[in-house]
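Residue numbers are given in my numbering: position 226 of the sequence shown equals residue 238, and the series is strictly consecutive. Below: the structure, in structure tokens.
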Amino acid sequence: MKLPINYSVKNPEKKSLKLETLAIKNAKDQYNKLHPVSAPIYLSSTYERSEDGSYAEGFVYGRHDNPNRRMLEKNIATLENGAVCHSFGSGMAAVSAVFQSLKMGDHVLLPDDVYFNIQTLIEGVFRRWGLEHTKVNMSDLQAVSSAIQSNTALIWIETPSNPQLKISDIRALSTLAKAKNILVAVDNTWPTPILQTPLNLGANIVVHSTTKYFGGHSDVLGGCVVFKEKDEHAERIKLIQTHGGGIPAPFDCWLIARGIQTLHLRVTKQTENAQKLADWLVEHPRIHRVLYPGLKYHPNHQIAAQQMHGGFGAMLSVLIDGDETQTVKVSTQLQLFTTATSLGGVESLIEHRKSVEGPSSQTPANLLRISIGIENIADLISDWEQALMVI
Ligand SMILES: *Cc1c(COP(=O)(O)O)cnc(C)c1O
Numbered sequence: 013m014k015l016p017i018n019y020s021v022k023n024p025e026k027k028s029l030k031l032e033t034l035a036i037k038n039a040k041d042q043y044n045k046l047h048p049v050s051a052p053i054y055l056s057s058t059y060e061r062s063e064d065g066s067y068a069e070g071f072v073y074g075r076h077d078n079p080n081r082r083m084l085e086k087n088i089a090t091l092e093n094g095a096v097c098h099s100f101g102s103g104m105a106a107v108s109a110v111f112q113s114l115k116m117g118d119h120v121l122l123p124d125d126v127y128f129n130i131q132t133l134i135e136g137v138f139r140r141w142g143l144e145h146t147k148v149n150m151s152d153l154q155a156v157s158s159a160i161q162s163n164t165a166l167i168w169i170e171t172p173s174n175p176q177l178k179i180s181d182i183r184a185l186s187t188l189a190k191a192k193n194i195l196v197a198v199d200n201t202w203p204t205p206i207l208q209t210p211l212n213l214g215a216n217i218v219v220h221s222t223t224k225y226f227g228g229h230s231d232v233l234g235g236c237v238v239f240k241e242k243d244e245h246a247e248r249i250k251l252i253q254t255h256g257g258g259i260p261a262p263f264d265c266w267l268i269a270r271g272i273q274t275l276h277l278r279v280t281k282q283t284e285n286a287q288k289l290a291d292w293l294v295e296h297p298r299i300h301r302v303l304y305p306g307l308k309y310h311p312n313h314q315i316a317a318q319q320m321h322g323g324f325g326a327m328l329s330v331l332i333d334g335d336e337t338q339t340v341k342v343s344t345q346l347q348l349f350t351t352a353t354s355l356g357g358v359e360s361l362i363e364h365r366k367s368v369e370g371p372s373s374q375t376p377a378n379l380l381r382i383s384i385g386i387e388n389i390a391d392l393i394s395d396w397e398q399a400l401m402v403i
């Protein structure tokens, strides 16, 4: 059967279109001869071979490639201004692929407040495989520079960081790394390409937990790795994806692809809400401190303002003026913030990070992490007002 010509030849130069336009345009199905406006889910695990032995559009087997996956990857690569994207069954599978792509004896620099599960993965698995690591304050260029070793292969950046909302200077760190032939990978899950595009600032790799803002509705898990260049390293990640097999299911790709079409609307609204809530909380006598890069007193507000565009994200943390019991009480007293882990969905969530991270956690006992949703901001603020009255 003859398949339609690739739509992409009709696409105008990608540079001339804005992100929110590309997010819609790239969601179009170019593989179905019925030309549906909304892409169907391709569940088939295998594909028919033509008489001449070739495979139409190159689809052979579900682990290798899938139309929903390919559409998703193309869309994310475009939004991050990358050459290629490889998607995985979860954010951690994507993170894991990046570390698996290094070699024995390599050394990586991690932020001192690296995402907790990455710390556990490195300690529990990759250290045994001979991957060395040092944790360093990623906001301190001098400290990063001093921590570089002759075998340093990768600098891992999370900005804004979890849950302390620290900011790292992507451009400066990339310049430093490039001079020493070190790769820079940025976990861009929190800001999303709507607010921050690390590959444009000099990073080589962007990683996402698509579970969060891309999916946007707390109903799917996924992850991806995006490369600035389609180089040997990108090929190795693809090998880990297709042969390692940690691929996302077609339905999951479809859900995430659908989420991406409203990413711009959601993130813009959520970011506006977050800034307003942060501005309100900062004035409240029972709030000891608000950790949010959109506040002028944040130590790296200026860097955040330079490298983020259109706002400072929809995640913030607060330090309650109280002990651990009072802090947890505030979180349960809130009616419109569900006490649950994760982030990036349309609904507001709140979490006492220390209890989630366990005894080895470095997170302060009076810290609550907030993921802001798309609810009305006046309602969210009133909720905080009543919750803070109980302590
Ligand atoms: C959630 C998260 C991850 C892990 O992603 P999963 O989809 O839960 O596996 C990695 N990095 C950041 C910043 C996250 O928020």
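The beta carbon of each residue, even a glycine, is placed where N, CA and C say it ideally should be.
Just to confirm before moving on: does the CB-CB distance between residue i and residue j stay below 9 Å?
i	j	result
ASP199	VAL218	yes
GLY234	PHE226	yes
LEU143	ILE169	no
THR171	ALA317	no
LEU153	LEU188	yes
ILE259	ARG75	yes
LEU400	ILE382	no
PHE128	ASN174	yes
LYS240	ALA95	yes
GLN319	ASP181	yes
LYS384	GLN314	It is worth fixing the name first, because residue 384 is Ile in this sequence and not Lys. Taking 9 Å as the Cβ cut-off, ILE384 and GLN314 do not qualify as a contacting pair.
SER230	SER373	no
SER99	PRO311	no
Ordered along the chain, which non-local residues of its own chain (more than five positions away) have a Cβ less than 8 Å from that of residue i?
i	result
GLY103	THR201, VAL219, HIS220, SER221, THR222, THR223, LYS224, LEU233, GLY234, GLY235
PRO297	ASP333
ALA39	ALA51, MET83, ASN87, ALA269, ARG270, ILE272, GLN273
ALA261	GLY101
TYR59	TYR67, ALA68, PHE71, VAL72, TYR73
SER56	GLY74
CB-CB under 6 Å to residue i, same chain, minus the five flanking residues each way: which ones, in chain order?
i	result
LYS37	none
GLY356	LYS224, TYR225
ILE389	ASN285, LYS288
LEU195	LEU166, ASN216
GLU32	HIS276
CYS97	GLU85, ILE88, ALA89, CYS236, VAL238
LYS22	Any reading at LYS22 must be qualified, since the residue scores a pLDDT of 44, below 50, and its modelled position is unreliable; the value itself is stated next. Closer than 6 Å at the Cβ level, and outside the excluded window around LYS22, lies no residue.
SER343	THR351, ILE362, HIS364, LEU380
TRP266	ILE53, ASN80
HIS300	LEU331, ASP333
Have a look at residue i and residue j and give me their C-alpha separation to the nearest angstrom.
i	j	result
ILE130	VAL107	8 Å
GLU387	GLU359	7 Å
ALA155	ASN149	7 Å
GLY322	ARG140	42 Å
ASN93	TYR304	26 Å
PRO371	VAL110	28 Å
HIS47	LYS341	53 Å
GLU135	THR146	11 Å
LEU91	VAL402	44 Å
VAL368	THR351	11 Å
LEU346	GLY325	21 Å
GLY228	ILE206	13 Å
GLN112	ALA105	10 Å
LEU348	ASP395	7 Å
ILE179	TYR43	41 Å
HIS245	ASN80	24 Å
ARG278	THR254	32 Å
For residue i, I'd like the list of residues in its chain whose CB is within less than 7 Å of its CB, leaving aside the five on either flank, ordered along the chain.
i	result
THR339	ILE332, HIS364, ALA377, ASN378, LEU380
VAL302	ALA290, LEU293, VAL294, LEU328, VAL330
PHE263	ILE53
LEU392	ASN285, LEU289, LEU348, SER360
Could you tell me whether the Cβ of residue i comes closer than 9 Å to any Cβ of chain D?
i	result
GLN273	The structure shown contains no chain D; it holds only a single protein chain.
>> Closer than 8 Å is the cut-off here; do at least three beta carbon pairs connect the segment 114-133 with the segment 150-162?
In response: yes
> Between the segment 365-378 and the segment 328-344, do three or more beta carbon pairs fall short of 8 Å?
Replying inline: yes
>> Tell me whether the segment 61-68 and the segment 237-253 touch, counting them as touching only if at least three CB pairs, one residue from each stretch, are closer than 8 Å.
In response: no
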